[in-house]
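This report concerns only the one structure given below.
In this note's numbering, the protein residues as written are 46 to 669.
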C-alpha cells in the first residue's frame, strides 16, 4: 500500500476548493433567521443597562443606588465602583441595572446619585511636548542596528518629517455583550466573542464556580476585529445580575459605551529622519515615535519599525503616553497599519525629495524586506502596476494638475504571519453517509462555517448539503480564538486531517468488501467511490460498511504542525489612484488595487471579500 500523507487536492482536480462558494449561512443572516447574542431573548429575560462616568478623571465621593432599587421593574443592581474609587476615563462603568424592560432600567439609572471630585486629566495623544510637561510620558525602549549617526553624515540625501496615525475605535456592528442564564450552579452564556473555547474560565473564576459549569455559545458574531477575546467586566456583571435576579439577563453595550470602553487601536506619531545614497538605496533610519494605548500608555511596537524592512543602519525609540481614555485592544493586524503608514509615507517623501518615482524607489529597497520577501513584493508590484496603469498615470509630487483638484498615485506594502491556529475537531461519518464535524471555533462573519464545509465536502466527494458544521459552543472540542488570521488555516487543517483519516478507513473497508487488491487509487467524488474511471460503489454503500456506530476521527492543528497542509508568512502590495479637492477636502478614489499572497485559496469568494474588506477599512484608516 502506498504511503498515506495529508494533502490538498490539485486545484485542477478540485470540485469545490478554489471556487466561488457563497456562505452557507448567508440566507440565514440576510433573512434575519440567524440569532446573534443581541437577539437572544429567552422567556423571562431581563434587560440590563449601564451607568458610565461623564468625567475623564475623578474620584467617587459617594454613590447611592437606594432609590434605584425601588424603581418599578428593577430586579438586580451591580456596582462596578464604590466610594473612594477613581475614574480614569470617560465611560468607565459605574452601575448596571437589570429590569423587566429596557426603558425601566434606563429610568432607574436616572435616579442613581453619584458625587464626584473631578481630577486633572490628559487626552492629547499627538502632542509629545505637552505630554512630557504633564508627566504623562514613559520610555518604552529602543531598537538599534548599525551606526546611524555615521550613515546620516555620509548620506547623499536626508529627509526629516513628522507623521501620525490617530487612535480609532473598533465600532463593531454588533456591540460587545452577553445573555446569561443560570440553572443551579450551571451558567449558560450567549456571548458576542471571537474566543468561544477560551472564555468559560474567564467567567468561572470571578463567579467562583468551576469552568466545567460554564457553557459559552456564539452561533453568530457581528464583528470584533480583535476586540472580543474576553468575558469582560460587563459580561461578569451580566452573570451576577442574572444570579441575583434568578432570571436570564441580556446586557449589550450601547453605541456610546462601545466607542469609549470596548477597545481602540493605539495611535502612532513619529519624528522620522531617513536617508539614502545617490542611487536611492536607504542607508539610515532614525525615529522617535509616540502614541497612546489608553491610561496605561503603550503604543506601536518599537521592535517592528521600520516596516517591513531591516535597513543596515536603523534606530527607533518609543515613548508611551498615558491618556485618560479607555484601554486599547488588538485591531486587525496589530500594529501593522500604523507601522506601514509611519514608515512608508516617510519613504515616499524621501523619494520625492530625490526626484525619484515611488515605484522605482521602493523597488530599489526591496532587498531590505524582512524574511527575504523582496522577490515576492517585486512580482506583486509588477502585477499591481499593470492593473492600475502606473507608468501612464505616475507624476512627481506637486504635479497633480492645475486647479484645486489634485490627482495622484500611492503605493504601500505589508506583511503578516498568518498560519494555522490551535484547533481540535471531531468528524463523524454516520452509517447513512451523513457527515458532521464538531469544534469550539466561531464564525465571526468571515465564512468559517463555509470554509469547514468546503473542506469536508471536498474530502468526501459530497455536495455542501451533505455535511453539517457544528461550531460556536465551548462544549465542543477546543479551538483557538479567531485572531491573527489563523482561523482558516487552523480549522481547515484540522478538519482535512480528520476527514482524510476517516476516508482512508472507509477506503480500506471498501477494498475488503469488494475484494480489491488494495485501497490505493480509490477516490471519493460525486457521491461515489471510484478507482480510475470505474465506479466501485456509492458513498452511502461505503458508509453502510461502518456499522451502527459509524466512524469518529479527530483532527488537530497548531503552528507547530508541519505536514504541508498549512504555512505562514504572507504579504501584499496596494496601489491607489485618487483625487483630492484641496478646497473642500473631498477625496475621490478612481481605482484601488490589491495584490495579496494568500497561499491556497479554499473559497475564492470569501478570500476576495476579505481583501475588499481590508481595502475599505484602509480607506477609513487613512481618512480618520
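The beta-carbon is built from N, C-alpha and C at its ideal position, and this holds for glycine as well.
- Secondary structure note for residue 597: it is in no alpha helix (DSSP H), and the uninterrupted beta strand (DSSP E) holding it is 596 to 602.
- Within the same chain, Cβ atoms closer than 6 Å to the Cβ of residue 401 are found at 325, the five residues on either side in sequence being excluded.
- Going by C-alpha positions, residue 645 is about 8 Å away from residue 63.
- Per DSSP, residue 265 lies in no alpha helix (DSSP H) and is assigned neither H nor E.
- Secondary structure note for residue 360: its beta strand (DSSP E) is the uninterrupted segment 359 to 366.
- The DSSP assignment places 138 to 144 and 158 to 163 as complete runs of the beta strand (DSSP E) inside the segment 131 to 184, in order along the chain (cut-off: 3 residues).
- Around the beta carbon of residue 530, a 10 Å sphere encloses 16 or more other beta carbons of the protein chains shown; the residue is thus reported as buried.
- For the pair residue 236 and residue 486, the Cα-to-Cα distance works out to about 13 Å.
- Rounded to whole angstroms, the gap between the alpha carbons of residue 47 and residue 607 is 21 Å.
- Taking C-beta separations shorter than 6 Å and ignoring five residues to either side along the sequence, the partners of residue 292 in its chain run 89 and 91, following chain order.
- When DSSP reads this structure, residue 523 sits in a beta bridge with 485.
- For a cut-off of 8 Å, the C-beta gap from residue 220 to residue 300 is around 7 Å, short enough to register as a contact.
- In its chain, beyond the 5 residues on either side, 476 have a beta carbon closer than 8 Å to the beta carbon of residue 592.
- Taking the CA atoms as reference points, residue 152 sits about 16 Å from residue 296.
- Under the criterion of beta carbons closer than 8 Å, residue 620 and residue 454 qualify as touching, at roughly 7 Å.
- Judged by beta-carbon spacing, residue 609 lies within the 8 Å limit of residue 52, meaning their Cβ atoms are closer than that value.
- Scanning its chain for C-beta atoms nearer than 7 Å, with the 5 sequence neighbours on each side dropped, one finds around residue 160 the residues 106 and 107, in chain order.
- Taken through DSSP and simplified to helix, strand or coil, residue 496 comes out as helix.
- In chain order, 506 place their CB closer than 7 Å to the CB of residue 571, counting only its own chain and leaving out the 5 sequence neighbours on each side.
- Here the C-alpha atom of residue 632 lies approximately 7 Å from the C-alpha atom of residue 626.
- Within the segment 359 to 438, the runs of beta strand (DSSP E) at least 3 residues long that lie entirely inside it are, in chain order, 359 to 366.
- When DSSP states are grouped into helix, strand and coil, residue 654 belongs to the helix group.
- Inter-residue distance for residue 575 and residue 569 is about 6 Å (C-alpha atoms, whole angstroms).
- Residue pairing by DSSP places residue 513 opposite 481 in a beta bridge.
- Distances from the alpha-carbon of residue 65 to those of 669, 648 and 668 put 648 closest.
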